[in-house]
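In order, the protein sequences belong to chains A and B.
Each residue of the first sequence is one higher than the one before, starting from 1 at the first, in the numbering used here.
Each residue of the second sequence is one higher than the one before, starting from 271 at the first, in the numbering used here.
Backbone N, C-alpha and C fix where the C-beta goes; we use that ideal spot for every residue, glycine too.
Note that the coordinates shown come from a computational prediction; the quantities given were computed from them, not determined experimentally.
Okay, structure first, notes after.
There are 2 protein chains.
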Amino acid sequence: MARDLILITDPDDPRIAAYRDIRERDLVGREGKFVAEGKTVLNVLFSNARFEADSVFLRENRVEGAQALLERVPQHVPVYVASGEVMDRIAGFHMHRGVLAIGRRVDTPGVENLLDSLPEDALVVALAGIANHDNMGSIFRNAAAFGADAVVMDQGSCDPLYRKAIRVSVGAALKVPFAREGSAEGMVDALMARGFEVLAMSPHGTVDMTEVKPSKRMALLLGAEGPGLPPHLLERLTSVRIAMRHDFDSLNVAAASAIALHRLWRGEKR
Amino acid sequence: MARDLILITDPDDPRIAAYRDIRERDLVGREGKFVAEGKTVLNVLFSNARFEADSVFLRENRVEGAQALLERVPQHVPVYVASGEVMDRIAGFHMHRGVLAIGRRVDTPGVENLLDSLPEDALVVALAGIANHDNMGSIFRNAAAFGADAVVMDQGSCDPLYRKAIRVSVGAALKVPFAREGSAEGMVDALMARGFEVLAMSPHGTVDMTEVKPSKRMALLLGAEGPGLPPHLLERLTSVRIAMRHDFDSLNVAAASAIALHRLWRGEKR
Numbered sequence: 001m002a003r004d005l006i007l008i009t010d011p012d013d014p015r016i017a018a019y020r021d022i023r024e025r026d027l028v029g030r031e032g033k034f035v036a037e038g039k040t041v042l043n044v045l046f047s048n049a050r051f052e053a054d055s056v057f058l059r060e061n062r063v064e065g066a067q068a069l070l071e072r073v074p075q076h077v078p079v080y081v082a083s084g085e086v087m088d089r090i091a092g093f094h095m096h097r098g099v100l101a102i103g104r105r106v107d108t109p110g111v112e113n114l115l116d117s118l119p120e121d122a123l124v125v126a127l128a129g130i131a132n133h134d135n136m137g138s139i140f141r142n143a144a145a146f147g148a149d150a151v152v153m154d155q156g157s158c159d160p161l162y163r164k165a166i167r168v169s170v171g172a173a174l175k176v177p178f179a180r181e182g183s184a185e186g187m188v189d190a191l192m193a194r195g196f197e198v199l200a201m202s203p204h205g206t207v208d209m210t211e212v213k214p215s216k217r218m219a220l221l222l223g224a225e226g227p228g229l230p231p232h233l234l235e236r237l238t239s240v241r242i243a244m245r246h247d248f249d250s251l252n253v254a255a256a257s258a259i260a261l262h263r264l265w266r267g268e269k270r
Numbered sequence: 271m272a273r274d275l276i277l278i279t280d281p282d283d284p285r286i287a288a289y290r291d292i293r294e295r296d297l298v299g300r301e302g303k304f305v306a307e308g309k310t311v312l313n314v315l316f317s318n319a320r321f322e323a324d325s326v327f328l329r330e331n332r333v334e335g336a337q338a339l340l341e342r343v344p345q346h347v348p349v350y351v352a353s354g355e356v357m358d359r360i361a362g363f364h365m366h367r368g369v370l371a372i373g374r375r376v377d378t379p380g381v382e383n384l385l386d387s388l389p390e391d392a393l394v395v396a397l398a399g400i401a402n403h404d405n406m407g408s409i410f411r412n413a414a415a416f417g418a419d420a421v422v423m424d425q426g427s428c429d430p431l432y433r434k435a436i437r438v439s440v441g442a443a444l445k446v447p448f449a450r451e452g453s454a455e456g457m458v459d460a461l462m463a464r465g466f467e468v469l470a471m472s473p474h475g476t477v478d479m480t481e482v483k484p485s486k487r488m489a490l491l492l493g494a495e496g497p498g499l500p501p502h503l504l505e506r507l508t509s510v511r512i513a514m515r516h517d518f519d520s521l522n523v524a525a526a527s528a529i530a531l532h533r534l535w536r537g538e539k540r
């Protein structure tokens with residue numbers, strides 16, 4: 001069954017107000033909404049029940065390629081279409097992707113509630129001070145690829161539903177459940193109280209990543225490049241290093257997450 | 271011994287012409303020059319002999335923190351300093367890093383010559399169609415961290431000395447030797463003729479990465495996300511997969527390089 005498409009010809013049309021000046025709005029927040037971009041990301045948005053969408057907005061030359069996607073869009077979600085010229089004027093820059101949706105944030109459950117919902121066998125990614133949206137998106141992408149059950153983070157970490165973080169995550173930020181706790185300490189306390197072995201990644205870790213033995217409940221704790229994890233946290237936990245050259249001792253935090261999660265993943269049956 | 275610093279007060283001063291309108295120039299090329307940004311990157315530039323620099327340019331509030339770096343700058347390389355306001359007008363945008371250098375490209379040796387210069391035990395990264403500067407920079411960073419001896423690439427891959435690629439590589443693009451060959455096939459031929467086992471990374475590879483046995487001369491061949499490596503290349507080579515969830519079968523090429531290079535690295539003694 002073909003979808004009704006609503007043609008937008010006036011950049012000031014109030015129905016597409018949420019798409020206006022996309023970049024400027026990233027800076028001031030979106031009052032409970034987020035922007036999803038790209039066919040792959042929208043496929044994730046409409047394939048799981050975690051988030052609802054307000055609308056979809058397509059560049060007209062992308063409609064034909066988006067038919068399979070449109071079959072997933074619930075009937076009550078309006079699908080707007082505009083010419084490239086009108087879409088660019090609405091967005092405020094050249095939107096070469098031209099496949100957009102506005103999603104609605106949901107109340108996240110809080111770290112303790114999220115952890116309580118996990119199975120007995122679980123792998124969690126814990127983030128302290130990950131303030132860069134590229135890194136946040138990349139870490140979610142790796143978490144989804146290697147089957148992490150949840151991501152928890154402190155208040156010093158940035159928003160996984162920021163436009164760029166969702167895009168870099170290729171939709172994983174909409175797929176892997178996450179929650180936020182005030183402090184890194186509180187997050188670690190909540191994990192340990194539930195029997196998680198918390199592995200703290202650190203260039204000076206005492207255990208090499210290749211020697212880590214996977215256990216039933218594992219959490220991988222990652223801090224920002226540069227400052228790294230606070231010393232008082234490292235002291236409480238098993239600290240894990242990734243061996244590399246001493247004269248180029250520098251790995252991006254997302255690359256470190258890829259190596260560590262690949263190592264900890266126990267395959268599809270988890 | 272303190273360095274002479276040359277104060278620039280006029281944004282039109284011809285001595286800093288190479289720093290003018292930095293972003294626009296990225297698009298038109300730099301006639302044999304490149305821009306290095308940030309203290310870490312400049313430390314790499316001035317710690318190895320591969321490239322020469324024309325000049326260094328510092329924001330005045332960064333001079334104090336750059337003393338150790340300045341000791342590495344050869345005496346014949348002028349060091350310019352400007353106020354934040356003047357530097358921003360020269361660069362054409364807000365240069366919050368404020369630590370810059372112009373380097374000179376050198377003639378790269380060609381793939382065959384570069385491969386001929388490598389030791390008997392060698393690890394090479396081979397790139398086909400890596401057109402994104404973020405990915406290029408990240409792959410160089412991982413190559414440096416895990417001791418790759420060289421990077422070779424086809425003409426469909428982007429320039430590792432593009433400003434953003436150098437920055438994302440944290441200087442690794444200035445450290446790890448690289449060369450460019452016309453086609454991916456020619457590059458693979460050159461590797462195989464020199465006894466390299468070429469591992470082609472592919473989501474549908476026949477061997478799991480964790481089962482790869484390191485050999486003396488290994489090359490890791492990476493293609494662009496999406497198209498991946500051409501089928502006729504995959505047929506000739508050992509194709510290697512990284513196992514991941516079937517419902518989120520998507521790993522960034524730089525993340526894949528991190529996992530594979532970490533696996534192939536044989537430690538500092540190489």
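Looking at the secondary structure, which residues open and close the beta strand (DSSP E) in which residue i lies?
i         : result
Thr-508/B : 508-511
Ile-102/A : 99-104
Glu-37/A  : 33-37
For the alpha helix (DSSP H) that residue i lies in, which residues bound it at each end?
i         : result
Val-422/B : Unbroken run through Val-422/B is the beta strand (DSSP E), 420-424; no alpha helix (DSSP H).
Ile-360/B : 354-361
Ala-68/A  : 67-72
Leu-444/B : 442-445
Arg-180/A : Element bounds for Arg-180/A: not the alpha helix (DSSP H) but the beta strand (DSSP E), 178-181.
Val-188/A : 184-193
Asp-291/B : Counting along the chain, Asp-291/B falls outside any alpha helix (DSSP H), and DSSP gives it neither H nor E.
Lys-434/B : 433-438
Ser-316/A : In the structure as shown, chain A starts at 1 and stops at 270, and residue 316/A therefore has no counterpart that could be examined.
Val-333/B : Premise fails: Val-333/B is in no alpha helix (DSSP H) and is neither H nor E.
Ser-271/A : This structure leaves residue 271/A out entirely; chain A is present only between 1 and 270.
Ala-258/A : 253-264
Quick test of your reading: residue i and residue j, contact by CB under 8 Å. State the CB separation rounded to the nearest angstrom.
i         : j         : result
Arg-487/B : Ala-392/B : 5 Å
Asp-324/B : Ile-372/B : 4 Å
Val-523/B : Ile-400/B : 7 Å
Ala-396/B : Leu-490/B : 7 Å
Leu-115/A : Arg-194/A : 5 Å
Glu-181/A : Ala-190/A : 7 Å
His-403/B : Ala-435/B : 4 Å
Val-111/A : Met-187/A : 6 Å
Arg-411/B : Ser-250/A : 7 Å
Val-212/A : Leu-233/A : Wrong, their Cβ atoms sit about 18 Å apart, outside the cutoff.
Glu-197/A : Ser-215/A : 5 Å
Ala-145/A : Phe-416/B : Not really, about 20 Å apart at Cβ, beyond 8 Å.
Are there 16 or more other CB atoms within 10 angstroms of the CB of residue i, so buried, or fewer, so exposed?
i         : result
Leu-277/B : exposed
Asp-4/A   : exposed
Ala-68/A  : exposed
Asp-149/A : buried
Pro-497/B : exposed
Arg-320/B : exposed
Tyr-432/B : buried
Arg-533/B : buried
Asp-424/B : buried
Ser-138/A : buried
Gly-98/A  : buried
Val-376/B : exposed
Pro-160/A : buried
Asn-383/B : exposed
Glu-37/A  : buried
Asn-405/B : buried
Ala-260/A : buried
From the DSSP output, which residues share a beta bridge with residue i?
i         : result
Ala-200/A : Leu-221/A, Ser-239/A
Ser-325/B : Ile-372/B
Leu-7/A   : Val-81/A
Val-394/B : Ala-420/B, Ala-489/B
Val-207/A : Val-240/A
Just to confirm, does residue i get its C-beta within under 6 Å of one of the non-hydrogen atoms of the ligand NAD?
i         : result
Ser-250/A : Within the structure as shown, the ligand NAD is missing, as the structure has no ligands at all.
Answer yes or no: does any C-beta atom of chain D fall closer than 7 Å to that of residue i?
i         : result
Ser-250/A : Reference to chain D is not applicable here, since the protein chains of this structure are A and B.
Within 8 Å, do at least three Cβ pairs link the region 201-208 of chain A to the region 235-245 of chain A? yes
Hey, is the region 34-50 of chain A in contact with the region 159-178 of chain A, meaning 3+ C-beta pairs nearer than 8 Å? yes
Under 8 Å, with one C-beta from each stretch per pair, do the region 350-370 of chain B and the region 445-454 of chain B reach the 3-pair mark? no
Inter-stretch contact (C-beta, 8 Å, three-pair minimum) for the region 326-343 of chain B and the region 254-265 of chain A: no
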